[in-house]
Amino acid sequence: MGRFLYLFLLVIMMSFSTSGQSKSAIANFQKAKEAFKQNDTDKGWVHLEKAIKKGGNTYYQPLIFAGDRRFKEGDILQAIEYYDRAL
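To convert, count from 1 in the sequence shown and add 5; that's my numbering.
Encoded structure:
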């Protein structure tokens, strides 16, 4: 019985970790990463900004990715702004 309760609580806790993130934000983030992988930076930034907007304050991964992209592009100040927003 104890193992069942432990497993049940573990599953419940894991479901809360992803429930705060919009499915639309996650989908846009995936599209952004794919666009950047194919060197389509304009399309990548469009999807990344949508992911950031739809993710609100709970989905930090697009903000970290945006900071990394800006850093690679040489825009250090903008990268720092994205990193600050992720915190």
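For each residue, glycine too, the CB sits at the ideal point set by N, CA and C.
From G72 to A30, what distance separates their C-alpha atoms? 17 angstroms
Taking only the alpha-carbon atoms, compute the straight-line gap between Q83 and Q43 and give it to the nearest angstrom. 23 angstroms
Between which two residues does the alpha helix (DSSP H) holding N33 run? K28 to K42
Considering only C-alpha positions, which residue in the set A37, Y88 and I85 is nearest to E54? A37
Compare the C-alpha of A56 against each of D89, F76, K28 and E86 and name the closest. K28
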